[in-house]
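Numbering-wise, the numbering used here comes out as the position in the sequence shown, counting from 1, plus 296. Every residue, glycine too, gets a C-beta built ideally from N, C-alpha and C. Here's the structure, in structure tokens; my notes come after.
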Amino acid sequence: QVRNMYIELLKRLDDSNDRIRIEAARAFALFLPSVPRGYDPGQFDYIVRGLLVHLDDQNPEVQQGVLPAALAAAAVNPGQMITIVRECASKHRSAALCDQVIERATQLKRAEGLAD
297 QVRNMYIELL KRLDDSNDRI RIEAARAFAL FLPSVPRGYD PGQFDYIVRG LLVHLDDQNP
357 EVQQGVLPAA LAAAAVNPGQ MITIVRECAS KHRSAALCDQ VIERATQLKR AEGLAD
């Protein structure tokens, strides 16, 4: 079910209408907390890369719409999130939003370490 949902949401992020893309990002932010921690790494990679493309969108409203979804994704696998975002950040026009995501994932990873 997770796979079916994220595939449909990623399709909507590619819509030509910015309003639809922003709403899809909002739906992603609401959906991601239901994804199990440590979810399939390959599928998680696909989700995160799909979000990160739009975190560098030409429209700042889309970027800001995607940011909460990217921050929510960090909770699924903070370590993997950090790796993927670091890899993608160098391709973005500005790494500022990526830095926010890395900071959140780092906080979650530290908290995870304390919980062990």
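Can you tell me the Cα-Cα spacing of residue i and residue j, whole angstroms?
i	j	result
L404	A371	7 Å
I378	A369	11 Å
R389	N300	31 Å
Q354	A391	14 Å
C394	P364	12 Å
G338	V381	15 Å
A366	Y302	13 Å
V344	E399	16 Å
Y335	R406	19 Å
E383	D352	14 Å
Could you check where the alpha helix (DSSP H) with residue i kicks off and where it finishes?
i	result
N300	V298 to L309
V372	That residue, V372, is in no alpha helix (DSSP H); it is neither H nor E in DSSP.
Q339	P337 to L351
L328	It is not in any alpha helix (DSSP H) - L328 carries neither H nor E in the DSSP assignment.
Would you mind stating whether residue i and residue j have Cβ atoms separated by less than 9 Å?
i	j	result
P329	V298	no
R308	A323	yes
F340	Q396	no
T402	P356	no
Leaving aside the five residues before and after residue i along the sequence, list all residues of the same chain whose C-beta is less than 8 Å from its C-beta, in chain order.
i	result
V358	D314, R317, I318, A321 and H350
Within a Cβ cutoff of 6 Å, which residues of the same chain sit near residue i, ignoring the five residues on either side of it in sequence?
i	result
G385	Correcting the residue type first, residue 385 is Ala in the shown sequence and not Gly. Within the same chain, A385 has close Cβ partners A391 and C394.
G361	I318 and A321
Near residue i, what residues of its chain come up, given a Cβ to Cβ distance below 7 Å and the 5 sequence neighbours on each side ignored?
i	result
G346	L306 and L309
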